[in-house]
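Residue numbers (the working numbering): 11 to 479. A virtual CB, placed ideally from N, CA and C, is assigned to each residue, including glycine.
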């Protein structure tokens, strides 16, 4: 068993930013040929949306709702948030997002109103439709538009990832305008989030925000197993029974394929190997961690400057948010957005949303474990020195660090890789040039970014579908 050093070592590079990040910027303005709402929107045609899942899953639905309304020449009614699924958050749109800013910012793109107007002096019930996953513009034209023309009002239910990942550039830019500019949290959430960031910055010049995602529900659904024997199998198995149609899993295969979060200890070892020493302050965005303090102890041992909302804010300060999972998630979102380095322990909704946002606003580092490669390394760690272990971690993490041009344009889920909205200065290396350099660095260990397990979007859809039921 190797001895883990307290220091991250001198790796000859800046841990907290990318040298070329200032040459990249978000660019999502509409072109001169993009039709504006006053020309495009037809009268008496209304689109309603019922979102699904937790805060960031619902965010994807809100973004795509605006694009769907634009494609259908319809007025969008402010989306209805999911108050029924696993999270049981009763918040409405206006309690999490600044609704007036949302309507105003997008006024040139889409007509948006707060509620469906009465029809003939009476309230009317829209026709409900559920479109399939990845529904493209033609799909909306054939499935939704005829009904909308007949009934004048349609509500799309369980609306998450119901729009194609690949759209034309103008529609992708509209997605970016919604996501990165129009969707702004309410003033109370923004104020509290900024206060958390200020308190972290008072503790250290730089800090890491870690989305640990090691909650019981995540582990149970994924079918992951971490060596806790009968107790762990019984506890996670009981949670797993909530999803009656979920098939039996092969825990070893799931971890081997990189579809399980790392343990808190493994996350800590990865960060140390990447160069972060024990003096680094870590903000942890997480719900109740499976195994509690026992699971967290190794991570805290590696990074004793360990913080969360609950440790840097008082109960009184958090009182107006603490009963609402969406509002608490919004606070974590703000801290993870403002941090120097964001670390995601799985590639779920929050991780993808933040990775894309950090790319759009200057390519701030966003680290995601290469879980498939690291799993094998962790199994064999007792048979190597720290120097060998840390060197392999750094090699395996090439392509998983949030660097500019790390992902091929069009690859992965758009909210994670908003390539249509990313611009770069002339003379900066392209994706292909960087990919060739990385291949040389990694040698025999090279894992091409073309590999299909870069992001298994369909697997993620499946998780989100069950979690929303």
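> Apart from the five residues just before and just after residue 180, which ones in its own chain have a Cβ nearer than 7 Å to its Cβ?
Replying inline: If we look at residue 180 and ignore the five residues flanking it on each side, its Cβ neighbours are 40, 41 and 44.
> Going along the chain, which residues of its own chain have a beta-carbon closer than 8 Å to the beta-carbon of residue 134, five neighbours each way excluded?
Replying inline: 126, 128 and 163
>> Are the CB atoms of residue 136 and residue 86 within a distance shorter than 8 Å?
In response: no
> When the distance is taken between beta carbons, is residue 103 closer than 8 Å to residue 283?
Replying inline: In this structure, residue 103 does not lie closer than 8 Å to residue 283 by Cβ.
> What residues in its chain sit with their C-beta under 6 Å from that of residue 80, if we drop five residues either side in the sequence?
Replying inline: Within its own chain, the residues whose Cβ lies closer than 6 Å to the Cβ of residue 80, once the five positions on either side in sequence are excluded, are 120, listed in chain order.
> According to the neighbour-count rule (16 or more other Cβ atoms, all chains shown, within 10 Å of its Cβ), is residue 21 buried or exposed?
Replying inline: exposed
> Exposed or buried, what is residue 265 when buried is set at 16 or more other beta-carbons lying within 10 Å of its beta-carbon?
Replying inline: buried
> If you drop the 5 nearest sequence neighbours on each side, which residues of the same chain put their C-beta closer than 8 Å to that of residue 188?
Replying inline: 72, 73, 76, 77 and 116
>> Report the CB separation of residue 36 from residue 186 in whole angstroms; it is logged as a contact under 8 Å.
In response: 7 Å
>> Helix, strand or coil for residue 70? Go by DSSP, reduced to three states.
In response: helix
> Within the present structure, is the beta-carbon of residue 61 separated from the nearest heavy atom of the ligand NAP by less than 7 Å?
Replying inline: Here there are no bound small molecules, and the ligand NAP is not part of this structure.
>> Taking 8 Å as the threshold (C-beta atoms), are residue 194 and residue 107 in contact?
In response: yes
>> Does residue 251 come out as helix, strand or coil in the three-state DSSP assignment?
In response: Residue 251 falls in the coil class under three-state DSSP.
> Of the choices 142, 60 and 384, whose alpha-carbon is the least far from that of residue 276?
Replying inline: The closest CA to that of residue 276, considering only 142, 60 and 384, is found on 384.
>> Cutting at 7 Å between CB atoms, please list the residues of its own chain near residue 396, excluding the five before and the five after it.
In response: Take residue 396, set aside five residues on each side of it, and the residues of its chain with a beta-carbon closer than 7 Å to its own are 12, 13, 14 and 15, in chain order.
> Of all the options 393, 376 and 392, which has the alpha carbon lying nearest to the alpha carbon of residue 25?
Replying inline: The residue with the shortest Cα to Cα distance from residue 25 is 376.
> According to the Cβ coordinates, are residue 171 and residue 224 closer than 8 Å?
Replying inline: no
>> Contact between the region 210-218 and the region 284-292 is defined here as three or more beta-carbon pairs at a separation below 8 Å; is this criterion met?
In response: yes
>> Using only the alpha-carbon positions, how far apart do residue 296 and residue 378 sit?
In response: Going from the Cα of residue 296 to the Cα of residue 378 covers about 16 Å.
> According to DSSP, is residue 215 helix, strand or coil?
Replying inline: coil
> Can you tell which of 435, 285, 359 and 302 has its C-alpha closest to the C-alpha of residue 403?
Replying inline: Among 435, 285, 359 and 302, the Cα nearest to that of residue 403 belongs to 285.
> What are the start and end residues of the alpha helix (DSSP H) that includes residue 149?
Replying inline: Its alpha helix (DSSP H) spans residues 147-153.
> Apart from the five residues just before and just after residue 173, which ones in its own chain have a Cβ nearer than 7 Å to its Cβ?
Replying inline: Once the five neighbours on either side are set aside, the close Cβ partners of residue 173 are 74, 77, 78 and 145.
> Is the beta carbon of residue 66 less than 8 Å from the beta carbon of residue 363?
Replying inline: A contact, by the Cβ cut-off of 8 Å.
>> Does residue 114 pass the burial test, meaning 16 or more other C-beta atoms within 10 Å, or should it be called exposed?
In response: Looking at its Cβ environment, which holds fewer than 16 other Cβ atoms inside 10 Å, residue 114 is exposed.
> Can the beta-carbon of residue 271 be found closer than 8 Å to that of residue 228?
Replying inline: yes
>> Would residue 278 and residue 313 be called neighbours here (beta carbons separated by less than 8 Å)?
In response: yes
> How would you call residue 122, buried or exposed, if buried means at least 16 neighbouring beta carbons within 10 angstroms?
Replying inline: Buried, since its Cβ has 16 or more Cβ neighbours within 10 Å.
> For the putative contact between residue 341 and residue 202, defined by C-beta atoms under 8 Å, what is the C-beta separation to the nearest angstrom?
Replying inline: Yes, they are in contact, since the Cβ atoms of residue 341 and residue 202 sit about 6 Å apart, within 8 Å.
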